[in-house]
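Before any comments, here is the structure.
Protein chains in written order, with the numbering used here: chain A, 312 to 679; chain B, 600 to 844; chain C, 13 to 320.
Okay, here's the thing in structure tokens:
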């Protein structure tokens with residue numbers, strides 16, 4: 312015990328004296344959250360739209376007005392006919408075209424439904440989808456008030472995300488993802504680099520040739536980063552709640568449980584990487600390329616897993632961040648509790664068990 | 600003609616004076632031993648002479664160029680070899696030669712000619728495509744020295760070139776130094792082997808940032824009534840008050 | 013227990029294609045200072061790593077303090093001190109912090125073994141709050157030695173402790189080492205400096221993974237097969253070239269301010285050689301018969317190996 316606490320104290324000395332690394336570790340999540348929360352948004356605002364309306368009446372004018380009142384659209388004028396649509400989109404005069412059929416008003420009174428065509432530039436499918444969804448939502452909202460229905464003849468479908476994120480705020484999507492990445496960065500990367508540094512500097516030789524148990528080395532290396540991760544978790548959550556306005560709607564206990572479990576997995580990954588890395592550079596590269604990249608791409612943080620091809624979806628199952636991000640979304644945004652994240656908890660627990668066994672087996676009491 | 604002229608060369612790091620107003624000359628073709636205890640300021644002085652560090656005070660001319668204003672010209676006209684780094688272990692012998700030749704601005708044809716001659720002399724012709732890391736240390740050092748004078752510089756700076764090398768290889772190394780000196784290359788060498796100090800034309804001993812002795816080994820031994828340079832060194836360097844950087 | 017602090021037999025080690033250690037036998041008696049003399053790449057560090065249980069041998073066996081290095085490594089780790097080749101302490105911790113840490117690692121405190129480490133500690137104390145990375149080379153060595161001794165080990169392994177250190181510091185270091193030895197600590201030290209061999213009780217010369225010879229410094233000197241002459245003159249360089257062409261020459265090496273020239277026993281005498289040199293226009297010639305140093309012995313052994 313005495314040895315362990317002396318070792319942990321030494322580790323904290325190293326961490327606190329490496330001022331720049333410490334700053335990067337503590338400040339990066341804050342910067343990332345701010346950047347992603349504010350600057351990187353998948354919201355699309357102020358798109359110009361034009362209208363084709365052979366018969367303009369009260370309803371078409373009302374719809375045009377409502378659309379242009381929204382922050383997402385700016386009205387740019389009427390197009391003479393449908394032939395003008397192509398050139399309007401191509402020349403960038405508008406990002407969205409609303410086409411009212413000639414019997415729009417009379418259809419409504421006669422059959423109760425009428426249809427509208429919403430046309431956008433499909434060369435950027437994500438934006439196109441978003442725009443058509445905005446337009447659909449707004450018009451459907453108007454129609455409900457009028458107690459009629461409008462059919463969107465070119466609709467692509469409304470995403471369930473709308474249910475929990477009606478304003479479709481990008482931040483909601485990203486905070487769990489950013490957390491997942493930062494915690495992994497601290498736990499896996501920093502732990503593996505720290506152990507590799509002992510090997511590189513030769514101090515590992517002295518440690519191993521002493522009566523100290525090798526398992527003490529592992530514990531002492533992981534404990535400080537455990538605390539750093541918890542600190543980052545707290546600051547990131549605080550930031551996201553206050554500055555970004557992303558709440559924690561669900562059970563705090565569930566959130567803490569799944570976060571601690573994820574941190575544990577991250578630390579074990581760090582230990583595992585260190586058993587194969589003999590230099591800090593290798594540790595950095597393996598944890599950087601081998602962990603961070605898959606996390607960013609396949610955890611569902613940036614790109615939805617559901618839209619990935621099958622092989623990638625399969626791979627994403629073994630990425631711990633995927634389960635963490637999914638659990639955090641459920642707890643933070645959907646407001647759910649323990650019961651609904653049982654799958655994620657089980658998967659993460661199994662991962663940590665496997666990693667623990669592998670690490671213990673691979674960690675040799677010798678240099679090679 | 601003097602290869603190196605240093606006059607009141609000084610380097611301060613904050614309040615700490617690493618090199619304290621040293622002055623000395625080195626003649627062309629001389630083998631000059633630059634000795635001193637650890638922390639005496641040798642490395643700092645060498646860094647200034649090779650144009651890597653600007654002096655706080657004083658001046659020096661190396662190969663005729665001013666170290667303050669013409670450090671780039673100096674670098675192009677000197678050779679350098681140190682114990683810690685000399686050649687790239689993961690490149691072959693040929694590749695190393697080509698690399699360093701190119702760095703010093705030699706054209707490809709000249710490099711190829713000289714390389715073949717060099718490899719013949721060192722009996723390394725068959726190994727020219729093997730990695731330098733495969734060579735035993737003594738061979739590495741000899742090759743590194745040859746590469747450092749490949750571009751025929753006026754002066755070559757050697758920083759503890761024979762550290763850890765076996766006795767036979769050390770002596771062969773010094774034979775190469777003699778040969779270079781005979782060709783007119785000035786050799787500025789630091790070493791901790793006191794027997795090597797005897798091979799130099801003149802030797803300086805730095806203590807606490809200052810040069811405490813500068814003369815030929817023979818003259819120093821007479822002055823200090825010592826039978827070896829080791830004894831001379833022990834007597835002079837013992838007076839050091841500086842035990843930490 | 014056993015009379016040997018360290019006993020190694022037939023140790024083999026390969027690193028990939030490199031045959032680092034070839035059937036190495038080594039025995040260090042309790043309480044002696046044993047020097048392993050050889051240049052870089054000769055296998056010293058590999059052997060040390062095996063003996064300090066950091067690396068497994070590919071063949072052969074070894075015991076340290078009577079314990080087997082492979083199966084009883086935990087016992088060994090309690091009784092040894094180790095100072096590895098390069099400076100292996102924490103650069104960003106202070107002197108005091110480094111010492112405290114290693115004392116704790118060995119379940120002891122700095123105070124407990126004060127009597128042993130006092131003389132080094134006294135030199136380090138003025139710098140106790142300085143970061144280890146900011147010490148001079150000589151001071152770093154002292155700190156590393158202190159950390160290796162803080163728990164009063166039975167056996168101390170010093171891997172090239174004086175490499176890159178100036179002659180004055182080297183001498184001080186050896187004075188300290190022999191004092192520790194007098195307190196009963198067995199010491200196995202490796203060094204590339206031949207002159208330090210004379211300071212050991214017994215030595216082994218190692219080259220290219222093979223032990224060339226083992227014995228006391230004087231035994232090695234006696235084993236020198238030739239007559240050895242020290243030759244000086246006005247022009248050492250020409251003397252060297254000239255002597256190399258002498259018909260009776262066995263070996264001829266420069267040794268600082270003189271040349272060591274060896275011949276078969278009785279092949280030549282002082283006057284004959286002097287006259288021969290003078291007849292070749294050498295001035296101020298002086299020829300003396302000398303006893304071989306360790307370096308002479310090493311050189312003769314390496315020549316033998318080359319010719320074998």
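Just so it is clear, CB atoms sit at the ideal spot from N, CA and C, and this is done for glycine as well.
Proximity of residue 271 of chain C and residue 255 of chain C at Cβ, strictly below 8 Å
Taking the first residue of the third chain as position 1, residue 271 of chain C is located at position 259. Taking the first residue of the third chain as position 1, residue 255 of chain C is located at position 243. The Cβ-Cβ distance between residue 271 of chain C and residue 255 of chain C falls below 8 Å.
Which bits of chain C does residue 637 of chain B rub up against, with CB to CB less than 7 Å?
Here residue 637 of chain B refers to the residue found at position 38 when the second chain is read from its first residue. Per Cβ cutoff of 7 Å: 148, 149, 150, 177, 178, 181.
For residue 116 of chain C, return the contacting residues in chain F, with the cut-off set at a CB-CB distance below 7 Å.
Absent from the structure: chain F. Protein chains present are A, B and C.
Could you tell me whether any Cβ in chain B is nearer than 8 Å to the Cβ of residue 373 of chain C?
No answer is possible for residue 373 of chain C: it lies beyond the span of chain C, which begins at 13 and ends at 320.
Taking only beta-carbon positions, decide if residue 141 of chain C is within less than 8 Å of chain B.
Position 129 of the third chain holds residue 141 of chain C. Chain B, which has no Cβ nearer than 8 Å to the Cβ of residue 141 of chain C, makes this no.
Name the two residues that bound the continuous alpha helix (DSSP H) containing residue 364 of chain A.
Here residue 364 of chain A is taken as the residue at index 53 of the first chain, counted from 1. Segment: none, residue 364 of chain A is in no alpha helix (DSSP H) and carries neither H nor E.
List, in chain order, every chain A residue whose beta-carbon is nearer than 8 Å to that of residue 104 of chain C.
Taking the first residue of the third chain as position 1, residue 104 of chain C is located at position 92. Ordered by position in chain A, the residues that pass the 8 Å Cβ test against residue 104 of chain C are 324, 325, 328, 329.
Looking only at its own chain, which residues have a Cβ that is under 8 Å from the Cβ of residue 142 of chain C, when we skip the five neighbours before and after it?
The count along the third chain starts at 1 and reaches residue 142 of chain C at position 130. Taking residue 142 of chain C as the centre and dropping the five residues before and after it, the same chain places the C-beta of 106, 107 closer than 8 Å to its C-beta, in chain order.
Within its chain, find whatever has a CB closer than 7 Å to the CB of residue 831 of chain B; leave out the 5 residues flanking it on each side and keep chain order.
As a first step, residue 831 of chain B is located in the second chain; it is residue number 232 there, counting from the start. Only 819, 820, 823, 825 meet the Cβ criterion.
With a threshold of 8 Å between beta carbons, is residue 440 of chain A in contact with chain C?
Here residue 440 of chain A corresponds to residue number 129 of the first chain, with the count starting at 1. Not one chain C Cβ lies under 8 Å of residue 440 of chain A.
What residue from C/243, C/86, C/224 has the CA that sits closest to residue 235 of chain C's CA?
The residue given as residue 235 of chain C occupies position 223 in the third chain. If we check each option's Cα against that of residue 235 of chain C, C/224 comes out closest.
Rounded separation between residue 561 of chain A and residue 653 of chain A - CA only
As a working note, residue 561 of chain A is residue 250 in the first chain. As a working note, residue 653 of chain A is residue 342 in the first chain. CA-CA distance, residue 561 of chain A to residue 653 of chain A, rounds to 14 Å.
Whole angstroms are fine: how far does the CA of residue 713 of chain B sit from the CA of residue 726 of chain B?
Here residue 726 of chain B refers to the residue found at position 127 of the second chain. Here residue 713 of chain B refers to the residue found at position 114 of the second chain. Cα-Cα distance, rounded: 16 Å.
Can you give the Cα-Cα distance for residue 252 of chain C and residue 127 of chain C, rounded to whole angstroms?
Taking the first residue of the third chain as 1, we reach residue 252 of chain C at position 240. Taking the first residue of the third chain as 1, we reach residue 127 of chain C at position 115. Cα to Cα, the separation comes out at about 52 Å.
For residue 724 of chain B, name the three-state secondary structure that DSSP assigns.
Taking the second chain and counting its residues from 1, one reaches residue 724 of chain B at position 125. Looking at residue 724 of chain B - three-state DSSP - the assignment turns out to be helix.
Does chain A have any CB closer than 8 Å to the CB of residue 108 of chain C?
Here residue 108 of chain C is taken as the residue at index 96 of the third chain, counted from 1. Output row for residue 108 of chain C: interface = no.
Exposed unless 16 or more other CB atoms sit within 10 angstroms - verdict on residue 203 of chain C
Reading the third chain from its first residue, position 191 is the one you call residue 203 of chain C. When all chains shown are included, residue 203 of chain C counts as buried.
If we ignore side chains and look at the alpha-carbon of each, how far apart do residue 442 of chain A and residue 384 of chain A end up?
For the purposes of this step, residue 442 of chain A is taken as the residue at position 131 of the first chain. For the purposes of this step, residue 384 of chain A is taken as the residue at position 73 of the first chain. Near 9 Å, if we compare the C-alpha coordinates of residue 384 of chain A and residue 442 of chain A.
DSSP state of residue 692 of chain B, grouped into three classes?
By 1-based counting over the second chain, the position of residue 692 of chain B is 93. For residue 692 of chain B, the three-state secondary structure derived from DSSP is helix.
Beta-carbon neighbours of residue 512 of chain A, restricted to chain C and to distances below 9 Å
Position 201 of the first chain holds residue 512 of chain A. 98, 99, 100, 101, 102, 103, listed in chain order.
Measure the Cβ-Cβ separation of residue 578 of chain A and residue 635 of chain A and say whether it is below 8 Å.
Looking up residue 578 of chain A in the first chain gives position 267. Looking up residue 635 of chain A in the first chain gives position 324. No, they are not a contact pair.
Contact between the stretch 800–816 of chain B and the stretch 178–198 of chain C (3+ Cβ pairs under 8 Å)
With a cut-off of 8 Å on Cβ pairs, the stretch 800–816 of chain B is not in contact with the stretch 178–198 of chain C, counting fewer than three such pairs.
Give me the Cβ distance between residue 429 of chain A and residue 411 of chain A, rounded to the nearest whole Å; I'm assuming they're in contact under 8 Å.
Residue mapping note: residue 429 of chain A aligns to position 118 of the first chain, counting from 1. Residue mapping note: residue 411 of chain A aligns to position 100 of the first chain, counting from 1. Contact between residue 429 of chain A and residue 411 of chain A is absent: CB atoms are separated by about 11 Å, not below the 8 Å threshold.
Taking only three categories from DSSP, how would you classify residue 225 of chain C?
Counting from 1 along the third chain, the entry for residue 225 of chain C is found at position 213. Residue 225 of chain C: strand per DSSP, three-state reduction.
Can you tell me whether residue 647 of chain B is helix, strand or coil according to DSSP?
If you number the second chain from 1, residue 647 of chain B lands on position 48. Residue state, collapsed to three classes: helix.
What residues from the stretch 502–530 of chain A come within 8 Å of chain C, judged by C-beta to C-beta, listed N to C?
Correct list: 512, 513, 514, 516, 517, 518, 519, 520, 521, 522, 523.
Less than 8 Å between the beta carbons of residue 787 of chain B and residue 603 of chain B, yes or no?
Indexing the second chain from 1 puts residue 787 of chain B at position 188. Indexing the second chain from 1 puts residue 603 of chain B at position 4. Contact flag set, yes.
Distance cutoff 8 Å, beta carbons only. Does residue 310 of chain C sit that close to anything in chain B?
Residue numbering aside, residue 310 of chain C sits at position 298 when the third chain is read from its first letter. When Cβ-Cβ separations below 8 Å define contact, residue 310 of chain C makes contact with chain B.
Can you look up residue 302 of chain C in the DSSP assignment and give me helix, strand or coil?
On the third chain, position 290 is the one that residue 302 of chain C refers to. In the three-state scheme derived from DSSP, where H, G and I count as helix and E and B as strand, residue 302 of chain C is classed as coil.
So is residue 57 of chain C in contact with chain A if we call contact Cβ pairs under 8 Å?
Reading the third chain from its first residue, position 45 is the one you call residue 57 of chain C. Residue 57 of chain C is outside the set of residues whose beta carbon lies under 8 Å from a beta carbon in chain A.
Compute the Euclidean distance between the alpha carbons of residue 708 of chain B and residue 654 of chain B, then round it to the nearest angstrom.
The residue given as residue 708 of chain B occupies position 109 in the second chain. The residue given as residue 654 of chain B occupies position 55 in the second chain. Between residue 708 of chain B and residue 654 of chain B, the C-alpha separation is close to 39 Å.
Mind checking residue 313 of chain A: buried by the 16 CB within 10 Å criterion, or exposed?
Along the first chain, one-based indexing puts residue 313 of chain A at 2. By the neighbour-count rule (16 or more Cβ atoms within 10 Å), residue 313 of chain A is not buried but exposed.
Residues sharing a beta bridge with residue 265 of chain C, DSSP
Position 253 of the third chain, counted from the start, is the residue given in the question as residue 265 of chain C. For residue 265 of chain C, which the question treats as bridged, DSSP gives the partners C/272.
Residue range of the alpha helix (DSSP H) that residue 626 of chain A falls in?
The sequence position of residue 626 of chain A within the first chain is 315, counting from 1. Counting along the chain, the alpha helix (DSSP H) containing residue 626 of chain A begins and ends at 621–627.
Using 8 Å as the threshold, is the stretch 382–399 of chain A in touch with the stretch 357–364 of chain A, meaning 3 or more CB pairs across them?
Three or more pairs of CB atoms, one per stretch, sit closer than 8 Å, so the stretch 382–399 of chain A contacts the stretch 357–364 of chain A.
Residue ranges of each beta strand (DSSP E) within the stretch 81–131 of chain C, 3 or longer:
Fully enclosed beta strand (DSSP E) runs of 3 or longer: 92–95.
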